[in-house]
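Asks: Counting along the sequence shown from 1, when you hit position 20 you're at 19 in numbering that gives the first Met the number 0, and nothing is skipped either side.
This is the structure I have questions about; it appears just below.
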Amino acid sequence: MKGTKQSRRFAKQLFKSCQVNGRLDADRTQKAVQLLIEQKPRGFFGILQHLHRLVKLDESSRTARVESAVALGQAQQQDIQDNLNRLKGGDVTMEFAENPRLIGGMRVKIGDDVFDGSVKTRLTGLSESF
């Protein structure tokens with residue numbers, strides 16, 4: 000492999016081949032990495048770096064952090080998880096945390112997406128508009 004452009008392209012193809020029904024398969028990924036390390040094609044280290052970045056991005060897009068001003072009940076947590084699973088089309092790993100600085104409401108972060116319905120953000124927006 001010559002150049003980072005080809006490394007990225009090959010890593011992307013490899014990443015796609017490691018997916019089953021749109022989901023990353025851990026066994027396929029592990030076998031692909033082992034095969035790359037054994038064969039050591041030209042530029043394999045760059046390919047591994049790009050593949051690692053793609054796997055991390057995929058993992059972060061399936062992990063949600065939910066912050067709320069007060070502790071959420073089990074029913075509320077389940078409702079949020081069901082809605083996020085429907086939004087993302089599958090299993091989302093959930094992490095719930097309390098953040099009293101939000102004053103009220105909640106903030107949900109999935110990968111790079113942030114859904115902020117907190118009172119703190121609304122008050123900040125109001126103060127900026129004055």
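For glycine and all other residues, C-beta sits at the position ideal for the given N, C-alpha and C.
Keep in mind the model is a prediction, meaning the values are calculated, not measured.
1) Going by DSSP in three states, R41 sits in which element: helix, strand or coil?
2) Extract the residue ranges of the beta strand (DSSP E) inside the region 85-114, only unbroken runs of 3 or more that lie entirely within it.
3) Report buried or exposed for S59, applying the criterion of at least 16 other Cβ atoms within 10 angstroms of its Cβ.
4) What does the Cβ neighbour count give for E37, buried or exposed, with the cut at 16 atoms within 10 Å?
5) Could you check what DSSP says for V19 in three-state terms: helix, strand or coil?
6) Once DSSP output is grouped into helix, strand and coil, what is the label at A63?
7) Can you find the residues in the same chain that come closer than 8 Å, C-beta to C-beta, to S16, ignoring five residues on each side of it along the sequence?
8) Mind checking which residues open and close the alpha helix (DSSP H) that includes V118?
9) When the Cα of T123 is compared with those of L101, V65, I79, which residue comes out closest?
10) Give the straight-line distance between the Cα atoms of V69 and Q77, rounded to the nearest whole angstrom.
11) With distance defined between alpha-carbon atoms, name the residue in Q73, G89, K87, A63 nearest to D115.
Replies: The short version:
1) Residue 41 sits at position 42 when you count from the first residue of the sequence shown. Coil.
2) 92-97, 105-109
3) Sequence index remark: in the sequence shown, residue 59 carries index 60 (1-based). S59 is exposed by the Cβ-count criterion.
4) As a working note, residue 37 is residue 38 in the sequence shown. Exposed: under 16 other Cβ atoms inside 10 Å.
5) Looking up residue 19 in the sequence shown gives position 20. Note: V19 maps to strand in three-state DSSP.
6) Taking the sequence shown and counting its residues from 1, the one referred to as residue 63 is at position 64. In the structure shown, A63 sits in a strand (DSSP, three-state: E or B).
7) On the sequence shown, position 17 is the one that residue 16 refers to. These residues qualify, in order along the chain: R27, A31.
8) Taking the first residue of the sequence shown as position 1, residue 118 is located at position 119. V118 -> alpha helix (DSSP H) spans 118-128.
9) The sequence position of residue 123 within the sequence shown is 124, counting from 1. Residue nearest to T123 within the set L101, V65, I79 is L101 (criterion: CA-CA distance).
10) Residue 69 sits at position 70 when you count from the first residue of the sequence shown. Residue 77 sits at position 78 when you count from the first residue of the sequence shown. So the two alpha carbons sit approximately 16 Å from each other.
11) For the purposes of this step, residue 115 is identified with residue 116 of the sequence shown, where counting begins at 1. Comparing Cα-Cα distances from D115 to each of Q73, G89, K87, A63, the minimum goes to A63.
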